[in-house]
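Residue 370 in the UniProt record's numbering sits at position 370 of the sequence shown; the count goes up by one each step and never skips.
A short worksheet on the structure shown next.
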Amino acid sequence: KEPTTTMANTETKKDTPSETGTKGTESSPTREEETMKTEATPGEDATIEKHEDDDSSSPAAAPEADHKPAEGLTKNAIDEMTRGMVYASLAITDDKEDTLKKMGKANPWQVEALKIVAGSEKAAHKPLTQILDQHMNLKADKFIDISGVTKGGHFLDTQGYIAHNDTTIVLSYRCTTSAFDWLTNLNTTSSAWEIEEDAEQGYSGFCSGFDDLCGTGDYKPRVHTGFYNNFLATLPHIKEHIDPLLAADQPPRTLYVVGHSLGGGVATVAACYFLLEFDWTNLPHRFVGVTAGAPRSCATSMKSLMDERLGTLGDSAKLYRLVKDRDVVAKVPPTFLAFQHLVPPVSIGEDGSILAKEAAFVDVDGDTSIDELRDLVISPASEDEEEKKSESEKTRYEKWIGRVPRGLRDHMPEFYLKPLFLARGITKGIQIEKPETPVIEEPTTPPPVEQKPKKVTKVSQRRKGLLGRVFNRKRSLRTKK
1 KEPTTTMANT ETKKDTPSET GTKGTESSPT REEETMKTEA TPGEDATIEK HEDDDSSSPA
61 AAPEADHKPA EGLTKNAIDE MTRGMVYASL AITDDKEDTL KKMGKANPWQ VEALKIVAGS
121 EKAAHKPLTQ ILDQHMNLKA DKFIDISGVT KGGHFLDTQG YIAHNDTTIV LSYRCTTSAF
181 DWLTNLNTTS SAWEIEEDAE QGYSGFCSGF DDLCGTGDYK PRVHTGFYNN FLATLPHIKE
241 HIDPLLAADQ PPRTLYVVGH SLGGGVATVA ACYFLLEFDW TNLPHRFVGV TAGAPRSCAT
301 SMKSLMDERL GTLGDSAKLY RLVKDRDVVA KVPPTFLAFQ HLVPPVSIGE DGSILAKEAA
361 FVDVDGDTSI DELRDLVISP ASEDEEEKKS ESEKTRYEKW IGRVPRGLRD HMPEFYLKPL
421 FLARGITKGI QIEKPETPVI EEPTTPPPVE QKPKKVTKVS QRRKGLLGRV FNRKRSLRTK
481 K
């Protein structure tokens with residue numbers, strides 16, 4: 001077995017310079033870099049290993065590729081982004097038996113990401129409590145599952161989890177199937193940041209719901225209405241399970257607030273809460289926010305406030321915003337409606353290279369209108385965007401993903417995970433586990449597929465969710481011919 005690279009209990013000291021996703025300068029080695037080990041030690045919360053016996057043909061195996069550089073980023077920054085993306089990917093599942101099964105039917109790319117993280121399909125189907133405990137040494141404190149409409153008429157659809165151990169706290173938001181449908185109708189409203197009043201009533205102020213309030217006012221900082229209300233719905237769980245762990249008399253911990261896609265939008269609003277409500281310079285804890293393919297969720301007024309706040313926190317708080325090449329979701333809502341990202345992107349190129357230099361990518365933070373996003377969703381991929389493998393060489397999943405428009409394909413979590421793993425020098429199937437409890441996967445026989453009557457099968461063939469529209473439309477055209 002090759003030496004393992006440890007990613008645990010190596011948090012950065014507050015007075016140690018470290019790289020963020022907003023700068024491109026090298027810093028001196030951090031405590032985490034100096035304590036990176038070649039052998040795992042007891043008590044660590046997670047390791048990423050390279051296995052000699054990994055099967056590169058496994059669905060969970062990352063592709064063989066050269067080590068991709070991460071220009072302008074320290075090892076500590078790559079480590080924190082990798083952790084954050086792993087925590088975000090784990091929010092895809094929970095402890096319900098049918099969650100991953102339903103997810104795989106509508107959004108198979110979510111399951112693919114979880115297989116990459118867990119190391120195999122069998123491990124991916126374990127309950128999240130077990131994955132967090134056995135693989136990450138984290139205790140699951142709360143599964144978040146909120147949907148419905150607030151008394152103020154705001155739509156809610158938020159899932160995720162809260163977990164912790166002696167050194168780490170995780171707040172992770174999921175992007176679900178219904179959230180993807182929500183994306184195609186993403187509103188352009190903003191709400192005033194009135195956290196005390198809104199937390200008490202459970203939703204943003206009534207006037208914040210009007211479509212013509214686009215965040216241009218300067219009376220109070222404003223955030224995206226949809227993301228803000230979904231965050232407010234989770235705030236009682238945050239106050240119960242996270243706020244007490246951030247007390248000054250608690251042992252030093254790093255709080256990770258993470259999310260992919262719309263989960264990243266909610267995570268950004270949650271980051272505003274933690275950075276504004278806690279004095280990180282006088283606490284023993286650190287804050288790390290990691291989002292991937294997240295929409296804009298703050299108005300210009302909130303960005304100005306956060307710029308000022310981040311400037312005072314130094315290494316106590318870091319925000320990383322990952323954007324993969326042509327990911328279209330990172331370009332909505334448009335900037336002319338006064339919505340902004342909080343920090344510049346850490347860009348992942350088409351070749352998997354990771355750069356902290358925004359100029360390396362053309363229009364990485366450009367605008368995409370909601371109408372353009374809808375058009376992209378219902379348009380099939382062009383031939384030059386297809387994978388170059390022959391049809392006989394492709395797996396079923398590769399054939400499926402090859403038909404997804406590039407702007408949405410780059411949004412899928414696996415295309416964020418793999419470059420991060422490659423940047424850490426991992427080129428085969430990855431394993432995240434506690435060293436004292438290795439996971440040994442045994443081959444399993446898939447359950448028999450229930451045969452349905454033809455008329456039922458024809459109806460069930462219609463895919464649900466955002467990308468289902470692409471395939472349903474093509475099937476309809478073939479039927480007419």
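Ideal Cβ positions, reconstructed from N, Cα and C, are used throughout, including at glycine.
- Minimum Cα-Cα distance from threonine 281 among the listed residues Ala267, Leu313, Leu420, Arg253 corresponds to Leu313.
- Selection Pro333, Asp249, Ser316 evaluated against cysteine 298 yields Pro333 as nearest (Cα-Cα).
- DSSP, read as helix, strand or coil, puts arginine 296 in coil.
- A check of alpha carbon separations from glutamate 196 across Asp166, Ile401, Val170, Pro236 identifies Pro236 as the nearest.
- Looking at Trp109, Asp95, Leu100, the one whose alpha-carbon comes closest to that of valine 404 is Trp109.
- In this structure, the beta-carbon distance from isoleucine 169 to tyrosine 256 falls below 8 angstroms.
- Secondary structure at serine 172: strand, using DSSP grouped into helix, strand and coil.
- Around the Cβ of proline 345, a 10 Å sphere holds 16 or more other Cβ atoms; the residue is buried.
- Residue burial annotation: tyrosine 219 is exposed, with fewer than 16 other C-beta atoms found within 10 angstroms of its C-beta.
- For methionine 85, same chain residues with a beta-carbon under 8 angstroms away, outside a window of 5 residues either side, are Val258, His260, Val290, Ala292, Leu322, Pro413, Tyr416, Leu417, Leu420 in chain order.
- Going by beta carbons, alanine 163 and lysine 126 fall outside the 8 angstroms limit.
- In this structure, DSSP gives leucine 156 an extended state, which the three-state scheme calls strand.
- If you ignore the 5 residues before and after phenylalanine 143, its C-beta comes within less than 7 angstroms of the C-beta of Asp94, Asp95, Tyr161, all in its own chain and listed in chain order.
- In terms of Cα proximity to threonine 74, the closest of Arg222, Ile354, Gln159 is Ile354.
- Secondary structure of glutamine 250 (DSSP, three-state): coil.
- By a beta-carbon distance limit of 8 angstroms, threonine 254 contacts valine 288. Their separation comes to about 6 angstroms.
- For threonine 300, the CB contacts under 6 angstroms within the same chain, skipping 5 residues up- and downstream, are Ala338, Gln340 in chain order.
- Measuring C-alpha to C-alpha distances from valine 269 to each of Ser190, His285, Glu240 identifies Ser190 as the nearest.
- Residue pairing for serine 190: DSSP places it in a beta bridge opposite His224.
- Counting along the chain, arginine 406 sits inside the alpha helix (DSSP H) bounded by residues 406-409.
- Here the C-alpha atom of valine 329 lies approximately 13 angstroms from the C-alpha atom of threonine 335.
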